[in-house]
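See structure below.
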Amino acid sequence: MPSTTAATPLEIYRQMQQAVLREDGPTLLPAELLADDIVVETPFSPPGARRFEGRTEWLEFYASRPLPFRFEAFRELSTLATADPEVLVVEYELTGTVTTTGLSGSAAFIAVLRVRDGKIVLWREYQDLPAISRALSLPPEDLSRSPR
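Those letters in the sequence shown? Residues 1 to 148, by the numbering used here.
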């Protein structure tokens, strides 16, 4: 009987890259890749958007904050395997256009990805908030507020 092996952190990261560049709307963390008990952390984000515990909580927040971006490039700067086979550290740059204004911009990110049994259990991302704020023409503290 053939054994199946779960996707590695690098394979999951590659699927995330593809999802970000989808033409029908970017998806940062595709729902099918998330563990039920995922933790999403963005430590430098404004209060209210720094930590989400559980798939449901993250998906509800994400649904309330549609991305006003069309990403055109996902430039991988560095991808580092760690001594822990579940963990990958990545540095990348996203370039895109703000759909509400037509302005283009880019921002750098560093993320720690932990994958267990083929599902993301931790996504900790350090974002270039000043670049994101400039692209959206918003002060950083407004990034955590729901547009609705």
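Built from N, CA and C at the ideal position, the CB exists for glycine as well.
With a threshold of 16 other beta carbon atoms within 10 Å, arginine 75 falls short and is exposed. Contact annotation: the segment 5-12 does not touch the segment 38-48, with fewer than three C-beta pairs closer than 8 Å.
Taking the Cα positions, glutamine 127 is about 20 Å away from glutamate 57.
Each residue's CA atom was taken as its position, placing isoleucine 38 and alanine 73 some 26 Å apart.
With 16 or more neighbouring CB atoms inside 10 Å of its own CB, proline 9 falls in the buried class. Taking all protein chains shown into account, alanine 81 has fewer than 16 neighbouring C-beta atoms within 10 Å of its C-beta and is therefore exposed. With fewer than three CB-CB distances shorter than 8 Å, the segment 60-67 does not count as touching the segment 100-115.
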